[in-house]
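A.B. asks: So for the sequence shown, our numbering puts the first residue at 1112; every next one is plus one.
Sharing a structure with you now.
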Amino acid sequence: MGLVVLLLVLALLFGGVGLFVEGLKWLLIIALVLFVVGAVSGSRLGGRTRM
């Protein structure tokens, strides 16, 4: 019985870490896309600021 509980705890721990890493990966992808969009729109304006 103790082995089953230990395996359940380990599965939850590694599953949670896996979800955290997956979330970080998607966060990095979204940040990269937003960075590229910002760089493209900034270069189209030619560095001018709108007022």
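Beta carbons are placed, not taken as given, at the ideal position from N, Cα and C, and that holds for glycine.
#1: From Ala1142 to Gly1149, what distance separates their C-alpha atoms?
#2: Under a three-way DSSP split, which group does Gly1134 fall into?
#3: Identify whether Gly1113 lies in helix, strand or coil by the three-state DSSP scheme.
C.D. replies: Looking at the atomic coordinates:
#1: Answer to the nearest angstrom: the Cα atoms are 10 Å apart.
#2: Residue state, collapsed to three classes: helix.
#3: The answer is helix: DSSP assigns Gly1113 an H, G or I state.
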